[in-house]
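Protein chains in written order, with our numbering: chain P, 291 to 652; chain Y, -18 to 278; chain L, 3 to 240.
Here a beta-carbon is modelled for each residue, glycine too, at the ideal position from N, C-alpha and C.
To start, the structure under review is shown below, and the notes come after it.
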Amino acid sequence: MLDTASRSAGARQRAPLRTPAGRTLANAVASAVLLVIALVALPDLLSIYYIDAMTQVAVYAMVALGLGLLVGRVGLVSLGQVAVLAVGAWVAARLLFATAQPYPVVLLEAGLITMAAGTLIGLPALRLRGLYLALITLMLAGGITIVLTTTNFPNGGHGFLGYNGSLVHIPAIRRPAIAASDPGYYRYSVVVAALMFLLVIVHLKTRPGRAWAAIRQSEPAALAAGISTTRYKLWAFALASFITGVAGGVLAGAVQYLYSIDFPTQDSITLLAVVLMGGVYSLWGALVAALLLQLLPALLHNWGVSADWLTILFGIGVVQVLTTAPGGLADQVPKDLARLGRLLLGVAGRLRPGAPRGGGPP
Amino acid sequence: MPSWADFQPFIVSGLALGGVYALSGVGMVVLYQATGVVYLAFGAVGAMGALIAWSLINAGTPEWLAWLVCVLFGGGVTLAYGMVFGPPLARRDPLVKAVATLGLTLVLFGLMDLLWTTNGGQSRAITLPTDNGGFTVGQIQVTWTQVIGLAAGIAIVVVTEVFLRYTKPGTAMRAMANDREITATLGVPVRRVEAAAWFGCGVIAGAAGLLLADLVALDATTLTFLVISSLAAALIAQLRSIVLTFVAAIAIGLIHDLITPIQALSNYRDMTPFVLAAVALLVPARQQLLSQSREEA
Amino acid sequence: MIEVDGLTVRFGGVTSLDHLSLTFEPGICGLIGPNGAGKTTFFNVLSGFVRPTAGSVRAFGEDLLSMAHFRRARWGVRRTFQTEQAIEELSVFDNVAMVHEHSGLGGASRRHDVLGAIGFAGLDADPSARAQTLAAGQRRLLEIARAVVGRPKLVLLDEPAAGLPDQETRHMGEVIRAIPGHVGALTILVDHDMSLVSACCTTTAVLDFGKLIASGPTAEVLRDSRVVRAYLGTAEVL
């Protein structure tokens, strides 16, 4: 027992970033830096085309965050998150047209209503085994897409659906006064996304996060520890739905014109693919997923390459992740970088005069 | 409310469609029982096969050859996938295996859009010679293709039941569905049986793709996601009973088409598979105790 | 005191527990038997993972079986599993804290209780270290810490020292012996290691094919010829 203690203390001295506290600090610093770059530097450096793409990245980072939460933390696979996004966008559009409420309020309401819908569906669905749950969500996505094609998105009309089929000039969905321009709205969406990430981090560090970790590892052990697995799974469902609903609201203001063709069933599958590729065990994975999903296609489109190549790439990627690298890119890349770093340090160490021969501990 | 005469043609088309759904559903159930994989790429494989057939026919290839290529393509791609990605994922949860097939779906989907772009005006179609001939039942026109659709569904059920019960590879598949490891230790050539299951399922996918391309539309997206209807039937049968898959598939096909003339519901008829599957799965209050805690006593 | 009356569990054609009736007195009770005897099934019934076909269990005067499984932990049932279930990505502290917070105990005493449990188990590791980094023996001790934190009434230990070398098994035995005194819980120990059972348990019950074949003071039970026969499976009695 004694030497394990001294070994861990020694290890702490040699590799400060390896401790849990060190890792949190590194993550916090990196996030802060990226946030500053995103808010301050990017709007001046990028063209409007890429600003709009980055706004989409912000939106889908939230969606990927929700799905990553479900898959990575609770082990629930949903193939219908894009449909949930559509619901959030629908609610937000309806409210933005029908009321004069301030934007944050509308976003909150979109999130809450979507959360209520998600929880209602989640309750019976959670009794299903993982495979069946995933397949039911796939059909759910298809179902909602069909409903939306028929009811259409609100466009300022009256009635519950808020759709006026005979409008010639369709009004745009409004934006907040402080963020009416594209760069302005981009900053707004980055802030909202950051808040959602913060919300998830708070969850992970407290009781629900611990319960989810227990459930993911072993449901019997979680139950034996007194955790009501149903309640916590539902909580994850609710949280993911809330975040995706808010994302839908942000999306509504971003594109300002919503069409049902924006939410095809295929997108839910592609979303799962990139979330798995990005890595579901780390929050960075959600950001990677969003970049894959929204920035890469924009780049390719600019260079005249068909987006179909990406679809193919994601198909290969998801199979690769499942067979070899379950942690995804967010897990692999830091590991590879760390290995590279150690290699470099090892080389540098050996080049130092008076350095001990033979490699040090890893 | 539409009249009986208005419904009649839809009974026929619904049965034909349901028959093809049954064909696909049974193919997926058998593969699941033999390998634990829910083959979600089923529709995409069939779609691509149909598109290949279309291109070949357009290029002057005799029709029967094009169809053969379509069916063999289905079998070949599915077999290749199964042999390459089956073993590394064999021990994993069925959910993981199913999601992996989604990867294949995406690859095929991307390829299809790349090779057969959907430019505005052009719509493709596959016509089988059996579309032209037919007969009349009462006042309803029935084409031979529709008969084939329903017949294929019935045939696959019969053939599969006989195969599983009375042939060696069929019995092997049933044993593998129960416990793959033990079956392997009994000396059953598990890999060969699996290969047969994959190939067979792929061939069915190709055939179904061809039939659906004829009965519905030759469109990559439509055909890829029609798998949802067959999947719904398979889920209602809990991925187990072949006869139940058939019944559910017929029900889905019938109800879907019969809703067409009803004005108020017509636009929502594509939700039929979802609604039926959801009802079948969610309503029974089946409380499952954890299967993970099956520890030795 | 735990009173088991006529407990029967049937899965399909297999009867895992056959009209089991016995009483567990406060202290440490052993539960032994050959593989397949029904010991883990019995624990599964107590934890709520398996619903018995018949019979009742009264724990400290309350009907245990009528409680939903996750509520039993709040009531005071703790259990370790044959394959240890430390939550890898959580820290040692969080692993134990998780059990504490779901037992309905307040947050004020949490830190104190958790560190106390870790110390009681003799787990010499950094509480903030991830459970993933622990060695096998340390993980087993972490399981013990999780089992004793808070105020459990019933502690079920399922082969807690499986796979451990002799010295660590002895240490485990010392920790287990201290449980009733330190925590006040009735402890039931399932194990195949007879030296551990004799060292810890004042009384022992023996199961074979789901039936109780002996119970009483540990030393006597271990010498009982029926018990020996059950384990060694000798041929029919002449």
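Residues that DSSP places opposite residue i in a beta bridge
i	result
Lys495/P	Lys495/P is not bridged to any residue.
Thr117/Y	Gln122/Y
Lys213/L	Asp210/L
Arg132/L	Ser93/L
Asp74/Y	Looking at the DSSP assignment, Asp74/Y forms no beta bridge with any residue, so it has no partner.
Leu158/L	Arg81/L and Ile190/L
Thr10/L	Ala56/L
Glu64/L	Ala61/L
Sequence-distant residues of the same chain with beta carbon closer than 7 Å to residue i, five excluded per side
i	result
Leu70/Y	Val77, Lys78 and Ala81
Met486/P	Met352, Leu355, Ile533 and Val536
Val347/P	Ala580, Leu581, Gln584 and Leu585
Trp525/P	Pro498
Val(-7)/Y	Ile121, Val123 and Gln127
Phe116/Y	Val123
Gln371/P	Val353, Gly356, Leu357, Thr534, Ser558 and Leu561
Asp342/P	Asp472
Three-way DSSP call (helix, strand, coil) for residue i in this model
i	result
Ser58/L	strand
Pro219/L	strand
Leu673/P	An answer regarding residue 673/P cannot be provided, because it is not within the stretch 291 to 652 covered by chain P.
Cys31/L	strand
Ser23/L	strand
Phe450/P	coil
Ser93/L	strand
Ser531/P	helix
Ser222/Y	coil
Ser18/L	strand
Val361/P	helix
Ser274/Y	For Ser274/Y, the predicted structure reports a pLDDT of 29, less than 50, and the residue's modelled location is therefore unreliable. A value from the coordinates is still provided. Coil.
Thr205/L	strand
Ile4/L	strand
Asn442/P	coil
Asp557/P	helix
Gly106/L	coil
Arg419/P	coil
Gly187/Y	helix
Arg464/P	coil
Trp97/Y	coil
Ile243/Y	coil
Own chain residues within Cβ distance below 6 Å of residue i, not counting five before or after
i	result
Ala3/Y	Gly134, Phe227 and Ala230
Gly8/Y	Cys182 and Ile185
Ala106/Y	Leu199
Ile4/L	Phe26 and Ala61
Anticipated Cβ contact below 8 Å, residue i with residue j, distance rounded
i	j	result
Ser105/L	Gly175/L	Rounded, the Cβ-Cβ distance is 26 Å, inconsistent with contact.
Leu24/L	Ser217/L	6 Å
Leu360/P	Ala530/P	5 Å
Gly6/Y	Ala214/Y	4 Å
Ala406/P	Ala382/P	So it is not a contact: roughly 15 Å between Cβ atoms.
Leu109/Y	Asp200/Y	Leu109/Y to Asp200/Y, Cβ: 17 Å. No contact.
Ala34/Y	Ala47/Y	4 Å
Gly38/L	Leu191/L	Actually they are not in contact, since the Cβ atoms of Gly38/L and Leu191/L sit about 19 Å apart, beyond 8 Å.
Leu158/L	Arg80/L	7 Å
Leu513/P	His102/L	Not confirmed; about 16 Å, so no contact.
Leu131/Y	Ala(-3)/Y	5 Å
Beta-carbon contacts of residue i that lie in its chain and below 8 Å, excluding the five residues immediately before and after
i	result
Gly190/Y	Gly24, Val26, Gly27, Ala28, Met29, Gly30, Ala31, Cys51, Gly55 and Leu204
Tyr453/P	Thr441, Asn442, Phe443, Pro444, Asn445 and Gly447
Val169/Y	Ala153, Ala156 and Met157
Leu457/P	Asn445, Gly446 and Gly447
Leu92/Y	Met29
query = Counting Cβ pairs, one atom from each stretch, are 3 or more of them under 8 Å apart for the region 22 to 40 of chain Y and the region 232 to 252 of chain Y?
reply = Contact fails: fewer than three Cβ-Cβ distances are below 8 Å.
request  = Determine contact between the region 594 to 604 of chain P and the region 560 to 569 of chain P, defined as no fewer than three beta-carbon pairs at a distance below 8 Å.
outcome  = Contact between the region 594 to 604 of chain P and the region 560 to 569 of chain P is present: 3 or more CB-CB pairs across the two stretches fall below 8 Å.
key: Stretch-stretch touch, CB-based, cutoff 8 Å, three pairs: the region 133 to 140 of chain L with the region 163 to 170 of chain L   = A contact between stretches requires three or more CB pairs, one per stretch, nearer than 8 Å, and the region 133 to 140 of chain L meets this requirement with the region 163 to 170 of chain L.
Any 3 or more C-beta pairs closer than 8 Å across the region 496 to 505 of chain P and the region 358 to 366 of chain P = Yes, they touch.
inquiry  = Would the region 546 to 559 of chain P count as touching the region 388 to 400 of chain P if we require 3 or more Cβ pairs under 8 Å?
reply    = No: fewer than three Cβ pairs fall under 8 Å.
Given 8 Å, three or more beta-carbon pairs between the region 89 to 100 of chain L and the region 116 to 133 of chain L = Look at the beta carbons and you see the region 89 to 100 of chain L touching the region 116 to 133 of chain L: at least three pairs across the two are nearer than 8 Å.
ask   = Is the region 489 to 498 of chain P in contact with the region 470 to 480 of chain P, if contact means three or more CB pairs nearer than 8 Å?
value = Three or more Cβ pairs closer than 8 Å define a contact, and the region 489 to 498 of chain P falls short of that threshold against the region 470 to 480 of chain P.
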